[in-house]
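J.: Below is one structure. I have some questions about it.
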Amino acid sequence: MPKDCIFCKIVAGQIPCFKVYEDEHTLAFMDINPVNPGHCLVVPKIHAPNLFESEDAELARTMAAVRKVSRAVQKALNPYGLNLLQANGPGAAQSVFHLHIHIIPRERDDDLRMNWGLKAGNKDEIAKISEKIRD
Ligand code: 5GP
Ligand code: ZN
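Shown next, in the form of structure tokens:
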């Protein structure tokens, strides 16, 4: 694993996260700067920097996990809608260079744009929502 990759460190358990799902190939955890409540990320456990450099099989497994976690978010939070987002390169506002899919629950009139500034979330609130989704 690249030693400076924050998501590899989360996968390895070296950095804590609010985990909502894990299987042999993938990990899903809450985004620490949620754009809306319930915002979470799904990553393959094997490092790939982006979509272009990932293996088909890894991507397929990751997307299967994305659908599973999306269903859990839908059931737990019943959002107004739900978007998936995946950024490739700084020009697309990618800030962590380990492939990840954002699962973003939508709220009515949340005025969410494609790119947003990072704003630290409330950890207690994030933890509470992660429990709901994990269940
Ligand atoms: P990107 O901008 O690359 O599409 O998204 C990276 C996401 O990772 C951002 O939404 C950011 O909040 C999240 N993130 C960055 N560092 C950490 C971390 O240490 N823990 C968690 N849970 N999320 C992180
Ligand atoms: Zn990595």
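Going left to right, the sequence shown walks through residues 6 to 140 as the numbering used here numbers them.
Every residue gets a Cβ at the ideal spot worked out from N, C-alpha and C, and that includes glycine.
What you are looking at is a predicted structure, and each value in this text was computed from that prediction instead of being measured.
List, from N- to C-terminal side, the beta strand (DSSP E) runs of 3 residues or more that fit wholly inside the region 89–115.
T.: Taking only runs of at least 3 residues, the beta strand (DSSP E) segments lying wholly in the region 89–115 are 106–111.
J.: Taking one C-beta from the region 113–120 and one from the region 18–35 each time, how about it: are there three or more such pairs within less than 8 Å?
T.: Because the criterion of three Cβ pairs below 8 Å is not met, the region 113–120 and the region 18–35 do not touch.
J.: Under DSSP, the beta strand (DSSP E) around Glu27 begins and ends at which residues?
T.: Start and end: Lys24 to Glu27.
J.: Would you mind working out which of Ala77, Lys50 and Lys137 sits nearest Ala65, comparing C-alpha positions?
T.: Nearest of Ala77, Lys50 and Lys137 to Ala65, Cα basis: Lys50.
J.: In angstroms with no decimal places, state the Cα-to-Cα distance between Pro7 and His52.
T.: Going by the C-alpha atoms only, they are around 8 Å apart.
J.: Who sits around the ligand ZN, taking every residue whose Cβ is closer than 5 Å to one of its heavy atoms?
T.: Here the list is Cys10, Phe12, Cys13, His52 and His103.
J.: State the DSSP-derived secondary structure class of Ala62, mapped to helix, strand or coil.
T.: Three-state DSSP puts Ala62 in a helix.
J.: Taking C-beta to C-beta, are Asn55 and Asn93 nearer than 8 Å?
T.: In this structure, Asn93 lies closer than 8 Å to Asn55 by Cβ.
J.: CA-CA distance, Ala70 and Gly18?
T.: Roughly 19 Å between the two C-alpha positions.
J.: In whole angstroms, what is the alpha-carbon distance linking Leu90 and Ile109?
T.: Computed Cα separation, rounded: 8 Å.
J.: Compare the C-alpha of Ala77 against each of Ala98, Leu123, Gly43 and Pro39 and name the closest.
T.: Residue Gly43 is the option with its Cα nearest to Ala77.
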